[in-house]
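>
There are 2 protein chains.
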Amino acid sequence: MKKTEDKRHLRSIITRQKLLEAAKEVFLQEGFQKATISQMIKKANIGYGTAYVHFEGKEDLLIVLMEDVMERFYEIAEISFLPKSKQEAEEIIHKQAKAFLLMAEAERDMMQVFEQAIGFSALISDKWKAIREKFIQRISMDIAYAQQSGLARVELNHVLVARGWFFTNEMYLWEIVRDEHHASVEEIAKTITAVYVTGLYIL
Amino acid sequence: MKKTEDKRHLRSIITRQKLLEAAKEVFLQEGFQKATISQMIKKANIGYGTAYVHFEGKEDLLIVLMEDVMERFYEIAEISFLPKSKQEAEEIIHKQAKAFLLMAEAERDMMQVFEQAIGFSALISDKWKAIREKFIQRISMDIAYAQQSGLARVELNHVLVARGWFFTNEMYLWEIVRDEHHASVEEIAKTITAVYVTGLYIL
DNA sequence: CAAGCAATATGACATGATGTCAATATTATA
DNA sequence: TATAATATTGACATCATGTCATATTGCTTG
């Protein structure tokens, strides 16, 4: 007999789901700090203690709600990079930077909650740090490849350059999330890519 | 009659000072989140309510404690910038970036508390944002100057470039604060400056 | 110099959130 | 149907915050 057909297990799953949906609403409406478990269980029509049966707390709830968004970040980080010229590199890098920044627009609401939560929860902060390191590791490799191909300046420490480049992207991401950017994603991506590629690549 | 000689006003000042010192100890020991008013007033040997006579709460306390550090950031932001060549520009920029990053090492302990507090307190977050905007405004002007002098690429939006450049610096600052950097401040400053200057300046 | 006034300090209290747990309800199994 | 296993519940203990009526201390004036 499958667990899914187990009636009481099913009930448990439904409870969990109700709570997740209520939590999302509350997070979006109140932000991470102001959101409380009480509001969520009320919206979900379940008992207070039930929330702690299914999740460890606010943080845990948000992490589950963010899982698919985080997955998409990981996918962007994995875009392949094998340029044969400086121009080709610029195209790929521009495309990747833009995709990264567009995530901010596409998921603005949840990302706003996420940003707040990074400040409050070490758990969530670690999740974002993992994404960051994934990107940086990938960019480092890309730079090393370009250096080996004679496309990029060899005298630069590729790890340090990678971090710097990602940091620019990340901060613009948060600006867009907060809706504090005063230029289009396209122009931002174009500009920062231009400086980066000219600064790193030869010719 | 001067206020300073007023004995009860003097007592008030001493109380305030005792609290500030105790608060600093508690912040450094516990971090911003875990630090409580109770711990501070205990260390300072004053009553609970007294803390709220002198300050509005934890946030306010930390802001006062950070005032001189913030002042020093503003001073760094005001370094003058009138280069006559790309090389001269690189020297000045490198120097400024290094001074900025060295602040992280010099004030690491308090900056660690500050970083945490940025996540928790809108007030403190705004203080840091003000510093950031000050730097960006200044860098924007510098770039515009370099563009007018024919030293920098005119086709780039100077405000966007300025933000991107500051973001790299800022994120490295926090890495250094957290002691998570794996290169010397000198090497970091040298590397990011090299990419930035080559990317932005002509020749 | 004494009485009254103003500035300071105090801690008990109300509030609001958290996480736990013993008790209860529901479903499965024998 | 009895019993075991699983799921739900809300009352409770805990802890930090900010407020406020009261107490204390020092100044000032008649």
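Same order as they appear, the protein sequences are chains A and B. The first sequence maps to residues 55 to 257 in my numbering. The second sequence maps to residues 55 to 257 in my numbering. A virtual CB, placed ideally from N, CA and C, is assigned to each residue, including glycine. Values in this document were obtained by computation on a predicted structure and should not be read as measured data.
#1: Would you check if there are 3 or more beta carbon pairs closer than 8 Å linking the segment 158 to 176 of chain A to the segment 75 to 89 of chain A?
#2: Within 8 Å, do at least three Cβ pairs link the segment 183 to 202 of chain B to the segment 94 to 112 of chain B?
#3: Tell me the rounded alpha-carbon separation between K244(A) and A200(A).
#4: Would you list, in chain order, the members of the segment 164 to 197 of chain B that have their beta-carbon closer than 8 Å to a beta-carbon of chain A?
#5: Touching or not, the segment 150 to 158 of chain A and the segment 224 to 231 of chain A, by the rule of three or more beta carbon pairs under 8 Å?
#6: Using DSSP bridges, identify the partner residues of Y255(A).
#7: Does the CB of M157(B) have a neighbour CB from chain A at under 8 Å?
#8: Consult DSSP for D122(A) and reduce its assignment to one of helix, strand or coil.
#9: Could you pull out every unbroken alpha helix (DSSP H) segment of at least 4 residues lying fully inside the segment 108 to 158 of chain A, listed in chain order?
#10: Is the Cβ-Cβ distance between F174(B) and Q93(B) less than 8 Å?
#11: Take the Cβ of H63(A) as the centre, count every other Cβ of all protein chains shown within 10 Å, and call the residue buried at 16 or more, exposed below.
#12: Give a yes or no on contact between the segment 181 to 192 of chain B and the segment 117 to 130 of chain B, applying the rule of three or more CB pairs nearer than 8 Å.
#13: In whole angstroms, what separates the C-alpha of G253(B) from that of A248(A)?
#14: So the alpha helix (DSSP H) D163(A) belongs to, where does it begin and stop?
#15: Can you list, in chain order, the residues of its chain with a C-beta nearer than 7 Å to that of E169(B)? Leave out the 5 residues immediately preceding and following it.
#16: Starting from the C-beta of K56(A), find all residues in its chain whose C-beta is less than 6 Å away, skip the five residues before and the five after it, and write them out in chain order.
#17: Determine which residues of the segment 200 to 217 of chain A have a Cβ less than 9 Å from any Cβ of chain B, and write them out in chain order.
#18: Let me know if R217(A) comes out buried or exposed under the rule of 16 or more other beta-carbons within 10 Å of its beta-carbon.
#19: To the nearest angstrom, how far is it from the Cα of A184(B) to the Cα of L73(B)?
#20: Could you list which residues in chain B have their beta carbon closer than 8 Å to that of I246(A), in chain order?
#21: Mapping the DSSP letters down to three states, classify H236(A) as helix, strand or coil.
#22: Hey, does F221(A) have any beta-carbon neighbour from chain B nearer than 8 Å?
#23: Could you tell me if Y255(A) is buried or exposed, where buried requires 16 or more neighbouring beta carbons within 10 angstroms of its beta carbon?
#24: At what residue ranges does the segment 63 to 108 of chain B contain a whole run of the alpha helix (DSSP H), taking only runs of 4 or more?
#25: Could you name the residues of the same chain whose beta carbon sits closer than 6 Å to that of E241(A), not counting the 5 residues immediately before and after it, in chain order?
According to the data block:
#1: Yes, they touch.
#2: At 8 Å Cβ cutoff, the stretches do not touch.
#3: Against the first sequence, residue 244(A) aligns to sequence position 190. Against the first sequence, residue 200(A) aligns to sequence position 146. K244(A) and A200(A) have their C-alpha atoms roughly 20 Å apart.
#4: The residues in question are Q170, I172, G173, F174.
#5: Here the segment 150 to 158 of chain A makes contact with the segment 224 to 231 of chain A; the two share three or more CB pairs at distances below 8 Å.
#6: Numbered from 1 along the first sequence, position 201 holds the residue referred to as residue 255(A). Paired residues: A206(A).
#7: The sequence position of residue 157(B) within the second sequence is 103, counting from 1. Nearest CB-CB separation between M157(B) and chain A: not below the 8 Å threshold.
#8: Taking the first sequence and counting its residues from 1, the one referred to as residue 122(A) is at position 68. In the structure shown, D122(A) sits in a helix (DSSP, three-state: H, G or I).
#9: If you keep only unbroken alpha helix (DSSP H) runs of at least 4 residues inside the segment 108 to 158 of chain A, you get 112 to 131.
#10: The sequence position of residue 174(B) within the second sequence is 120, counting from 1. The sequence position of residue 93(B) within the second sequence is 39, counting from 1. Between F174(B) and Q93(B), the gap from beta carbon to beta carbon reaches 8 Å or more.
#11: By one-based count along the first sequence, residue 63(A) stands at place 9. Around the beta carbon of H63(A), a 10 Å sphere encloses fewer than 16 other beta carbons of the protein chains shown; the residue is thus reported as exposed.
#12: The segment 181 to 192 of chain B makes contact with the segment 117 to 130 of chain B, as at least three CB pairs between them are under 8 Å.
#13: Locating residue 253(B) in the second sequence gives position 199, where the first residue counts as 1. Locating residue 248(A) in the first sequence gives position 194, where the first residue counts as 1. If I take the Cα positions, the gap works out to 7 Å.
#14: One-based indexing of the first sequence puts residue 163(A) at position 109. Counting along the chain, the alpha helix (DSSP H) containing D163(A) begins and ends at 162 to 174.
#15: Mapped onto the second sequence, residue 169(B) falls at position 115. Beyond the five residues adjoining it in sequence on each side, E169(B) comes within less than 7 Å, by CB distance, of W228, V231 in the same chain, given in chain order.
#16: Numbered from 1 along the first sequence, position 2 holds the residue referred to as residue 56(A). Residue placement at K56(A) is flagged as unreliable, the pLDDT there being 40, under the threshold of 50; a coordinate-derived value is accordingly withheld.
#17: Within the segment 200 to 217 of chain A, the qualifying residues are R207, E209, L210, N211, V213, L214, V215, R217.
#18: By one-based count along the first sequence, residue 217(A) stands at place 163. Classification of R217(A): buried, given that the 10 Å Cβ count is 16 or more.
#19: By 1-based counting over the second sequence, the position of residue 184(B) is 130. By 1-based counting over the second sequence, the position of residue 73(B) is 19. Going by C-alpha positions, A184(B) is about 27 Å away from L73(B).
#20: For the purposes of this step, residue 246(A) is identified with residue 192 of the first sequence, where counting begins at 1. Scanning chain B for C-beta atoms nearer than 8 Å to the C-beta of I246(A) yields L214, V215, G218, reported in chain order.
#21: Locating residue 236(A) in the first sequence gives position 182, counting from the first residue. It is coil, neither helix nor strand.
#22: Within the first sequence, residue 221(A) is the residue found at index 167, counting from 1. For F221(A), a Cβ of chain B is located within less than 8 Å of the residue's own Cβ.
#23: As a working mapping, residue 255(A) is identified with position 201 in the first sequence. By the neighbour-count criterion, in which 16 or more other beta carbons inside 10 Å mark a residue as buried, Y255(A) falls on the buried side.
#24: Taking only runs of at least 4 residues, the alpha helix (DSSP H) segments lying wholly in the segment 63 to 108 of chain B are 91 to 98, 102 to 108.
#25: Here residue 241(A) is taken as the residue at index 187 of the first sequence, counted from 1. So the list is empty, once near-sequence residues are dropped.
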